[in-house]
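K.L.:
First the structure, which I've put down as C-alpha cells, then a few questions once you've had a look.
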Amino acid sequence: MKKIDDETLDYVEILAKLDLSEDERIKAKDDMEKMLAFIEKMNELDTKDVVPLSHVTDINNVFREDEEVSSFEAETILSNAPKNENNMYEVPCTILSE
Amino acid sequence: MAKEYEMVIGLEVHVELATKTKIFCGCKTTFGMKPNTLTCPVCSGMPGSLPVLNKKVLEYAIMVGLATNCDITRYSKFDRKNYFYPDNPQNYQISQLYEPICRNGFVNIKSDAGEKKIGIHEIHMEEDAGKLVHDSWGETSFVDYNRSGVPLIEIVSEPDMRSADDVINYLEKLRLIIQYLGVSDCKLNEGSMRADVNVSVMEKGSKTFGTRTEMKNLNSFKAIRRAIENERERQIDLIESGEEIVQETRKWDDEKGKSYPMRSKEDAKDYRYFPEPDLMPIVIDDEWLDKLKEKEPEFKDEKVKRYISEFKLPEYDADIITEDKKMADFFEEAISLGGEPKKISNYLLGEVKRLLNENNTEFDKINLNPLNLVKLIKIQEEGKINSTIAKEVFEKMYYEDVEPLEYIKEHSLMMESNEDELKDIVQKVIDENEKSVEDYRNGKEKALGFLVGQTMKVTKGKANPGMINKLLKELLSDGK
Amino acid sequence: MSDILDLSAYEIRKKIIDREILIKDVLDLLFERIKENDNNSFITLCEDEAYKKAEELQKRLEDDPDGKKGKLFGIAVAIKDNICTKGIKTTAASKILYNFVPEYNATVIDLIEKEDGIIIGKTNMDEFAMGSTSETSYYGAVKNPLNNEYVSGGSSGGSASAVAGHECFMALGSDTGGSIRQPAGFCGVVGIKPTYSSVSRYGLIAYGSSLDQIGPIAGNVTDAVNLLEVISAYDPKDSTSKNGVDREYSKYLTDDIKDLKIGVPKEYLSDSVDADVRENIKNAIEVFKKLGCEVKECGLALTDYVVPAYYTIASAEASSNLERFDGVKYGLRADDYEGLHDMYKKTRKEGFGTEVKRRIMLGSFVLSSGYYDAYYLKALRVRNLIKQEFDKLFKEFDVILSPVSPETTPKIGESLSDPIKMYLSDVYTVSANLTGMPGISIPCGIDRNNMPVGMQLFADHFREDNIIKAAYAFEKAGKGM
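Protein chains in written order, with our numbering: chain A, 1 to 98; chain B, 1 to 480; chain C, 1 to 481.
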C-alpha cells in the first residue's frame, strides 16, 4: 500500500497548485492513503494484454476546415477577468517567479 | 596533455504552421493584432469550451514528415501536457506524447566529412502559448492570447549533431524543406521557427553521453552558435573542476553572452501527460498519404539540378537562387514570361541581393514583379536604354513596383538613337576637346573613353554608348 | 389553479398553445412554488429573462395562432449550473466561479431556445458535479422535496429536486458517474443519461471529459424523452459528438415490449443491497415479466472493480480540467498573495471545497511520474475489461435492469464523513459512464421511510430505443396498477 509522506504531499500540492493548512494536510494524507488502497483493488485483475481504453466511442478523424470563425471582442473575452488592463489579463510578474 | 572533448547535440525545433486559423478554433493566426482580439472561448480557456482539430494542421505536419523521411503514424492521438503558467489559458497544453504523427525520419546535411545523416526522432503537433509582456517595475505581467492556439509542429532530432556548424546546417535544411512545402515561412527572428538545443559533452571517442542541458531563447543563428560554444566551455569547465553537470533547462541571454538556469521550486517538471479526452484519434490510410505525397513540391536539390540542365545556369547561380523558395518561384515565373535565365539570374544575384542587403530585408518582403523585370531586360536588350538608366528604373521597380516602359517614357529616359542628332553632338564634343582629340590621335586609346563620357554628359546619359563610340571613331578618322 | 403545476410538460404545452392559460401565469406559479418550497434547488433564478421570453412567445401565439411552435413551446426548463448560459451566471456551485457570467451558450441551451423552451433558472448541485448528495455545493445542500430531512441525491440534486418539487416542468442535469440517474431515483422522477457522444458537451463545465454527458430529468418518461430529443444533436463544436445516428427518440414511446430480453446481474441484488431496494426491484421484475419480457439472471463479475476504476479516471481528468480555474481569466482571485504561484495556490485553496480538493489531489497523484502506469493506465485497462463484459451481455440481452443505488435515500449530513462509503454507493451507475452506454432511471416503489426507490435500465450504445420502450411500458403499467 502506498504511504503518503510529507514530501509526497508537498509534491502533490505543487502539482495541483493547492495550499493546505496543517489540519487539512493530516486529513489529506489519510484520505489519499485510503483512496489509493481502495483503487489498488484493481491490481487483482490481470490486465497485461488489455489495451487501455481512453475513448469509449469509435469516432475518429474529426476535423474542422481551415476557415475563419469570428473572434470575440477583446472586451467580451476579458469581461470576467479579475484584473485586466489595456485589454490584457493582469497577473503577478512572471519573470520573478521563474 | 589536455583532454579532448566532443559535443553531442540534439534539437527540438518548433515551427509555426502557416494556416489561416488556429489549431483548435476558427480564430485567425494573423501576427501583430491588438491584444486579445483574436480570441474566443476555446483559445482563451473558457469553461466548457472544446477543441476541434484544424485538418490543414494535420496535413501540413504529415507533409513535413514525408519530406523528412518519417514513418507516418497510422493511429495518432493527442495528449494533455499539464503545467501552470499564465500564457497557457487551460493550464494544460494539447500536444502529442504517446502517438506523435511522425516518427523515425532523417535529413542529410553538409558537413566537413561530406554528407551526414541527422535522425529525426519524431514530429508532433501542438498548440502555441499566448504572449506575456512585463511592466517596467517588475511587478505585473500582462497576458495576450492572440498567439494561444496557433498551430505548431515540434521536430525532435536524434542527438546526431557534433558541432554548431552541424546545428546550423540542420536548421537550414529544415527551413528549406518546410519553406518549399509552403507550410511555414520558418523565420528564427520572427519566432515562426524556434530551436531549443540540448547539449552535452563527452571525452572524444567515448561511447557514453554526458549529462545534457537544454538551452532556450535562441533567436538567431548567431545566438545559437554562441550559446552552443558557451555551453561547451561551461560544461568542460565543470567536468575539469570535478563538478557535476545538472540536467536542467537554461535560458540564453544573448546580450550578456551567458546562460542562466530556469528553475523554480514551484516547477515540478512533471507534466502528467494523459490522452486528451476531448479529441478523437486520427486514422491515416494509404489513399490519404498518397494524395499528400502528390502535393510534394520540387525541393531545392532537385531544382538546382534542373536549373543547371534546363536553364544552363552555373551551379553557383542555381544554388543561391534556390536558397529562398520565393526567389526560386520568382525566377521560374520570370522565365515562363519569356525572360532569359542567365539575365534574370544576374539581376537576382546582383541588384536584388545588393538591395536586400542594403535594406536588411528578405525576398518575400519586396514588391518586385517578375513580368516587369522581364520587360526591363527586353527594353535594355533592344538598346532603348543603357545600363545606367536600367539600374535607375530597376530600383524604382524594386521599391515602388513601377511599370518600366511607362516610367521610362514619363521621365524621358529613352536612349538617344537618332544618329544624325547624335552626330551633331559628337562633333560638338570633338570641337570643344582639342586636347583629348590630339591625345587620341597620338595613340592614347584612353582619350576616347573621355570623349564618350563627355558625350554622355551632354545627352544626360540617354545616348547609346555603342553608337557614340562608332560615331567618334568615324568623325575622328575623317578629320585625319 | 396550483394543480397546473402537477401537469406534465406536454400537457402544459397543449394548454398554452390552446390558450387555456397564459405562459406568464404559469411562471408566476412556478416562482411562487420555488419560494414556498425553499429547497435550495436553484442557485440563480432568471425571472426577468423568463418573463421576457414568455411575453415574446405569448405575442407570437396571439399574432399567429397557427404558426410554428417549438417542441418545448412555453415550457419552463431548469438548467444545472455547470451548463454555460450566455449572460446568466454559471457557477458550477463553486466559490471559484461565484461571479462567472459566460459570454456564450452551451449547445444544449441554444437547442432548447430554438424549440421555444423557457429557461427559468440555474440549479444547485455538488461543486463541479463532485458528490452524490448535492451537499458539497458552495451554496448549501439541496433538500429533497418529498421530505426535507433527506438529500436530493447528486450531483444534479437541484435539477431533480426542482422537477420533483414542481418548480419547473423539466430540467437538464449532467451525469459523470450517475449524477442524473441517482438524484432522479432519490427524488422519484425520471432521468436519462444518454449514450456518450449523443448530446453535445460544448459549454458543459467539464468534470471527467470522457465520462460526462448532459441529459434530461422530468416527471415522466414522455417528458424526459421529448427533452432528450431536443438536446441530442450532432455538434461540430464537440469532437466527441457522433454524426448520423438515430435521434428520433420520441417514436419509441410505445408500450410494446413483448419478447424484450432483460438481464438482471446477480451481483446487483446481493445481500449488500438494502432489503427495501431489493424488494422493489424484484417487484419491478415481475411487472416486466407480466408485460411479456424475457427476464433472466446474468453475471457481471467485474462489479467490484468499477468504482475503483471510475474514481481513478474521473479524478485524473478532473485534476486536469480544473487547472484552468486559477484566478487569471475569470472567477475568484485571492486578495493577498505574493507572486504568481502563491496567487494560484491561495485562489484555489479559497475557491475549491473539500471534496473537489480531494479529487484534484488524487487525480494529480495518479497521473504523476512514476504512478501513471500503476494507477491511471491500469484503470483504463480495467475500463476496457468492463466494457468488454457489457458488450458480451448486450449480445444476449436488450436491456440490463439494476437498482440505481444499493442504498435508500440518506438523510442530509449522513454521507460526507466517509467518502469511500459514498463513492461505493455509485457502484450501479458508474458502469454506464465507463462504457458510454445509455441508462434511464425511473421510480419503482418506496422504502420504509416513504422515500422513492429508483430502478435503472441500460442498453447498448445508441440503443436508447430499448430503454425508452421498457421505461415507458413500465410507467404505464404502474399507472394501471
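We put the beta carbon where it would ideally sit given N, CA and C, even for glycine. Given the structure is predicted, the values throughout are model-derived calculations rather than measurements.
With distance defined between alpha-carbon atoms, name the residue in C/LYS469, C/SER405, C/LYS53 and C/CYS168 nearest to C/CYS293.
P.N.:
Measuring from the Cα of C/CYS293, the nearest candidate turns out to be C/LYS469.
K.L.:
Between A/ASN86 and B/LEU238, what straight-line distance do the alpha-carbon atoms span, to the nearest angstrom?
P.N.:
Looking at the two C-alpha atoms, the distance is approximately 46 Å.
K.L.:
Within its chain, find whatever has a CB closer than 7 Å to the CB of C/LEU424; leave out the 5 residues flanking it on each side and keep chain order.
P.N.:
Around C/LEU424: VAL307.
K.L.:
For C/LYS258, which residues of its own chain have a beta-carbon under 8 Å away from its beta-carbon, when the five flanking residues on both sides are left out?
P.N.:
Taken in chain order, the residues that qualify are LEU291, GLY292 and CYS293.
K.L.:
Thinking C-alpha only, which one of C/GLY67, C/ASP63 and C/ILE23 is nearest C/LYS52?
P.N.:
Among C/GLY67, C/ASP63 and C/ILE23, the Cα nearest to that of C/LYS52 is on C/ILE23.
K.L.:
The beta strand (DSSP E) that contains B/ASN346, what's its start and end?
P.N.:
Looking at the DSSP string, B/ASN346 is not in any beta strand (DSSP E); the run it does join, the alpha helix (DSSP H), is 341-347.
K.L.:
Tell me where the beta strand (DSSP E) around B/ASN104 begins and ends.
P.N.:
Here the beta strand (DSSP E) through B/ASN104 covers 102-111.
K.L.:
Chain A beta carbons: is any one of them nearer than 8 Å to that of B/CYS40?
P.N.:
It does: the Cβ of B/CYS40 has a partner Cβ on chain A nearer than 8 Å.
K.L.:
Which one of B/ALA318, B/LYS295, B/LEU356 and B/PRO297 has the shortest CA to CA distance from B/ARG306?
P.N.:
The residue with the shortest Cα to Cα distance from B/ARG306 is B/ALA318.
K.L.:
My output table needs one value for C/GLU414: the three-state DSSP class, helix, strand or coil.
P.N.:
Residue state, collapsed to three classes: coil.
K.L.:
Could you check how far apart the C-beta atoms of C/SER415 and C/GLY454 are, in whole angstroms? I think they sit under 8 Å.
P.N.:
Incorrect: roughly 17 Å between the Cβ atoms, too far for contact.
K.L.:
Specify, as a first and last residue, the run of the alpha helix (DSSP H) that B/PHE221 falls within.
P.N.:
Segment 221-240, the alpha helix (DSSP H) holding B/PHE221.
K.L.:
Give the DSSP bridge partners of B/PHE274, in chain order.
P.N.:
Answer by DSSP bridge pairing, in chain order: B/ARG80.
K.L.:
Between the Cα of C/LYS242 and those of C/LYS266, C/THR222, C/ILE205 and C/PRO194, spot the shortest distance and give me the residue it belongs to.
P.N.:
Ranking the options by Cα distance to C/LYS242, first place goes to C/PRO194.
K.L.:
Give the list of continuous alpha helix (DSSP H) stretches no shorter than 4 residues that lie fully inside the stretch 396-442 of chain C.
P.N.:
Fully enclosed alpha helix (DSSP H) runs of 4 or longer: 419-424 and 430-435.
K.L.:
What's the gap between the Cα of C/ASP6 and the Cα of B/PRO100?
P.N.:
Cα to Cα, C/ASP6 sits roughly 57 Å from B/PRO100.
K.L.:
Out of C/GLY244, C/VAL230 and C/LEU172, point me to the one whose CA is closest to C/ILE120's CA.
P.N.:
Selected option, being the one with the closest Cα: C/LEU172.
K.L.:
Touching or not, the stretch 207-216 of chain B and the stretch 14-32 of chain B, by the rule of three or more beta carbon pairs under 8 Å?
P.N.:
The stretch 207-216 of chain B is not in contact with the stretch 14-32 of chain B.
K.L.:
From which residue to which residue does the alpha helix (DSSP H) around C/PRO308 run?
P.N.:
303-321 is the extent of the alpha helix (DSSP H) around C/PRO308.
K.L.:
Could you check whether the Cβ of B/GLY49 sits closer than 8 Å to any Cβ belonging to chain A?
P.N.:
Note on identity: in this sequence residue 49 of chain B is Ser, with Gly being the wrong assignment. No, no contact with chain A.
K.L.:
Of the choices C/LYS349, C/SER8 and C/ILE192, whose alpha-carbon is the least far from that of C/TYR249?
P.N.:
The option with the nearest alpha carbon to C/TYR249 is C/ILE192.
K.L.:
On the three-state DSSP scale, how would you describe C/LYS329?
P.N.:
Three-state DSSP puts C/LYS329 in coil, outside helix and strand.
K.L.:
Could you give the C-beta distance for C/THR90 and C/LYS114, rounded to a whole number, given that I count them as a contact under 8 Å?
P.N.:
With 8 Å as the limit, C/THR90 and C/LYS114 do not qualify as a contact, their Cβ atoms being about 20 Å apart.
K.L.:
Is B/ASP196 helix, strand or coil by DSSP?
P.N.:
In this structure, B/ASP196 counts as strand in the three-state DSSP scheme.
K.L.:
Any beta carbon of chain C sitting closer than 8 Å to that of B/VAL283?
P.N.:
Answer no: the Cβ-Cβ gap between B/VAL283 and chain C never drops below 8 Å.
K.L.:
Buried or exposed, going by whether 16 or more other CB atoms sit within 10 Å of the CB of B/TRP137?
P.N.:
B/TRP137 is exposed by the Cβ-count criterion.
K.L.:
Shortest alpha-carbon distance to C/ALA162 belongs to which of C/GLY353, C/TYR234, C/LEU45 and C/ILE21?
P.N.:
Minimum Cα distance to C/ALA162 is reached at C/LEU45.
K.L.:
Of the residues that make up the stretch 76-104 of chain C, which ones have a beta carbon closer than 7 Å to any beta carbon in chain A?
P.N.:
Listed by position along the chain: PHE100, VAL101 and GLU103.
K.L.:
Would you mind telling me which residues of chain A sit closer than 9 Å to C/LEU61, beta carbon to beta carbon, in chain order?
P.N.:
Within chain A, no residue comes near C/LEU61; the closest Cβ sits about 34 Å away, beyond 9 Å.
K.L.:
For a cutoff of 8 Å on Cβ pairs, would you count B/GLN247 as touching chain C?
P.N.:
So no, B/GLN247 is outside the interface.
K.L.:
Mind listing, in chain order, the continuous beta strand (DSSP E) runs of no fewer than 3 residues lying wholly within the stretch 7-54 of chain B?
P.N.:
DSSP runs (the beta strand (DSSP E)) wholly in the stretch 7-54 of chain B: none.
K.L.:
Taking C/SER137 and C/ASN124 to be in contact with their CB atoms under 8 Å, please state how far apart those CB atoms are, rounded to whole angstroms.
P.N.:
That belief holds up - the Cβ atoms of C/SER137 and C/ASN124 are roughly 5 Å apart, short of 8 Å.
K.L.:
Tell me, please, whether the CB atom of A/GLU7 is closer than 8 Å to any CB atom in chain B?
P.N.:
It does not: the Cβ of A/GLU7 has no partner Cβ on chain B nearer than 8 Å.
K.L.:
At the level of alpha carbons, what is the spacing between B/PHE450 and B/GLY383?
P.N.:
B/PHE450 and B/GLY383: Cα-Cα distance of roughly 22 Å.
K.L.:
Select from B/PHE274, B/VAL201 and B/ARG225 the residue whose C-alpha is nearest the C-alpha of B/VAL246.
P.N.:
Ranking B/PHE274, B/VAL201 and B/ARG225 by Cα distance to B/VAL246 puts B/VAL201 first.
K.L.:
For C/PRO236, go through chain B and note every residue whose CB falls closer than 9 Å to its CB, in chain order.
P.N.:
Ordered by position in chain B, the residues that pass the 9 Å Cβ test against C/PRO236 are VAL52.
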